[in-house]
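For the sequence shown, our numbering gives the first residue as 10, with consecutive numbering after it.
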Amino acid sequence: MAVIGTDVTEAARRLKAGEVVAVPTETVYGLAANALNRQAVLQIFKIKHRPSFDPLIVHCVNVEEAFRYAVRVPPAAFVLAEKFWPGPLTLVLPSRGVVPEVVNAGLPTVALRVPAHPLLIQLLHQVDFPLAAPSANPFGYVSPTQASHVYEQLGDKIGYILDGGPCQYGLESTIIGFEKNKPVLLRLGAIPTAQLLQLFPDITFKIQVSSNPLAPGQLTSHYAPRKKVLWCQDFEESSDSDPLTAYLVFGSKRPAHAPSTNILNLSEQGNYHEAARNLYHLLRQFDAGPWHRLKVFPLPEDDEGLAHTINDRLRRAAASFS
Ligand code: TXA
Ligand code: MG
10 MAVIGTDVTE AARRLKAGEV VAVPTETVYG LAANALNRQA VLQIFKIKHR
60 PSFDPLIVHC VNVEEAFRYA VRVPPAAFVL AEKFWPGPLT LVLPSRGVVP
110 EVVNAGLPTV ALRVPAHPLL IQLLHQVDFP LAAPSANPFG YVSPTQASHV
160 YEQLGDKIGY ILDGGPCQYG LESTIIGFEK NKPVLLRLGA IPTAQLLQLF
210 PDITFKIQVS SNPLAPGQLT SHYAPRKKVL WCQDFEESSD SDPLTAYLVF
260 GSKRPAHAPS TNILNLSEQG NYHEAARNLY HLLRQFDAGP WHRLKVFPLP
310 EDDEGLAHTI NDRLRRAAAS FS
């Protein structure tokens with residue numbers, strides 16, 4: 010079984026040897042390998058049961074390195090990098106062809122990110138290559154936001170989990186691509202939508218809501234627990250006297266008929282950042298608990314636009330059961 014530890018040198022040693030190591034990021038935990046080593050990257054797909062058509066994000070030590078793997082970088086990409094790197098932003102840019110095709114699933118583009126987690130930055134300084142890393146969960150399942158989440162599901166398939174504590178955001182990075190040099194939002198993520206709109210008021214949204222394999226991470230059904238998740242518009246609609254129904258709520262309101270032991274609360278205070286941090290942990294708690302089904306409700310929209318991402322994830326968690 011995997012060792013959980015905080016030894017950056019040990020993690021670096023294993024990565025240099027071509028091993029796959031779980032690493033913390035400020036968004037969710039990643040399953041990392043040397044992005045320039047084809048054999049090492051192939052292991053990631055195998056461990057995750059990830060289809061080879063689903064490309065990986067390349068994590069770089071700094072902005073200069075990230076742009077070295079791209080060509081024809083549009084000015085808007087520099088603006089976004091300046092504002093959000095290091096941080097929870099992934100940019101999809103035309104590939105220079107240095108990163109092997111297995112990483113971008115044969116696409117002409119490469120997804121690049123400069124993470125901010127201090128332990129991961131230390132690690133990137135100790136290796137002289139970027140790290141390809143998807144979220145460290147079996148394909149289609151909820152992303153891990155703590156080292157123990159990784160251990161529970163992939164602990165028997167990897168040797169080392171670098172423990173950086175609970176993730177600061179708890180939601181995956183925001184993914185932005187470009188069309189005719191204009192930014193296109195491909196995945197809602199940890200960056201609140203309002204911040205993107207402030208920078209690019211005319212940014213296009215191309216969030217996938219189908220099962221289009223060209224943008225696989227956006228499969229309608231994704232980020233899903235194993236047990237049944239039901240999307241309900243409001244408490245009225247959710248009316249249910251079954252003691253095996255759990256409810257994922259936000260703030261002080263809850264369905265009148267629900268026993269308190271069946272309530273999972275994203276944030277008692279109604280804080281959206283706290284809700285984001287708790288989301289995946291609570292979905293896992295539901296899966297491990299005694300209930301048969303989870304009813305989820307849309308969070309009311311907030312000024313920052315974080316509800317936007319959280320509701321997107323709740324809808325996808327429910328999608329396989331609708
Ligand atoms: O926060 C995150 O982004 C985490 C941490 C570990 O960095 N990573 C993550 O990776 O969520 P993953 O593999 O679970 O999701 C990455 C998404 C996939 O849905 C993939 O389809 C998309 O990025 N992607 C990667 N390369 C792409 C490309 N060239 N064009 C379009 N989408 C791409
Ligand atoms: Mg993922």
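Every residue gets a Cβ at the ideal spot worked out from N, C-alpha and C, and that includes glycine.
Please indicate yes or no: does the CB of serine 61 lie closer than 7 Å to some heavy atom of ligand 2? no
Along the alpha helix (DSSP H) that carries phenylalanine 87, what are the first and last residues, could you check? 84-93
key: Which residues DSSP lists as bridging phenylalanine 187, in chain order   = Pro192
**Message:** If the criterion is Cβ atoms closer than 8 Å, does the pair leucine 303 and lysine 236 meet it?
**Reply:** yes
Taking all protein chains shown into account, decide if glycine 39 is buried (16 or more other Cβ within 10 angstroms of its Cβ) or exposed.
buried
**Contact under 8 Å by Cβ, arginine 23 with tyrosine 160** = no
**Asked** Which same chain residues, not among the five before or five after valine 136, have their C-beta less than 8 Å away from its C-beta?
**Response** Ala21, Leu24, Lys25, Asn43
How about the region 82-94 and the region 143-154: do they share at least three Cβ pairs that are nearer than 8 Å?
no
TODO: Compute the minimum distance between the beta carbon of valine 37 and the heavy atoms of ligand 1, and state whether it is under 7 Å.
DONE: yes
_Those residues which DSSP pairs with phenylalanine 214 across a bridge_ = Leu194
* Asked: Alpha carbon to alpha carbon, how far is leucine 205 from alanine 125?
  -> 19 Å
key: Length of the line joining the Cα atoms of lysine 189 and threonine 118   = 14 Å
Report task. Please classify aspartate 251: is it buried, with 16 or more other beta-carbons within 10 angstroms of its beta-carbon, or exposed? Result -> exposed
One or two residues paired with lysine 304 in a DSSP bridge:
Leu239, Tyr256
Classify glutamate 245 as buried or exposed, calling it buried when 16 or more other Cβ atoms lie within 10 Å of its own Cβ.
-> exposed
Query raised in the report: Is the CB-CB distance between arginine 325 and tyrosine 256 below 8 Å?
Result: no
Where the beta strand (DSSP E) containing valine 30 begins and where it ends = 30-32
Just to confirm, is the Cβ distance from valine 123 to cysteine 176 under 8 Å? no
Check your understanding: Would DSSP call tyrosine 169 helix, strand or coil?
Key -> strand
- Indicate the three-state DSSP secondary structure (helix, strand or coil) for isoleucine 66 in the structure shown. strand
**Item:** Sequence-distant residues of the same chain with beta carbon closer than 7 Å to proline 309, five excluded per side
**Value:** Ala316
Discussion item. Using the three-state DSSP reduction, which class does leucine 208 fall into: helix, strand or coil?
Written reply: helix
Could you give the distance in angstroms between the alpha-carbon of isoleucine 212 and the alpha-carbon of valine 101?
15 Å
| said: Is the beta carbon of tyrosine 78 closer than 8 Å to that of arginine 47? | reply: no
Next on the checklist: Are the CB atoms of lysine 215 and valine 193 within a distance shorter than 8 Å?
Outcome noted: yes
Worksheet entry | Outcome for serine 144 when other beta-carbon atoms lying within 10 angstroms are tallied against a minimum of 16 | buried
### Message
Taking DSSP's pairing of strands, which residues face proline 103 in a bridge?
### Response
Thr118
Cβ atoms of serine 182 and leucine 98: under 8 Å apart, would you say?
yes
### Query
Excluding five sequence neighbours on each side, which residues of the same chain lie with their C-beta closer than 6 Å to the C-beta of glycine 260?
Gly279
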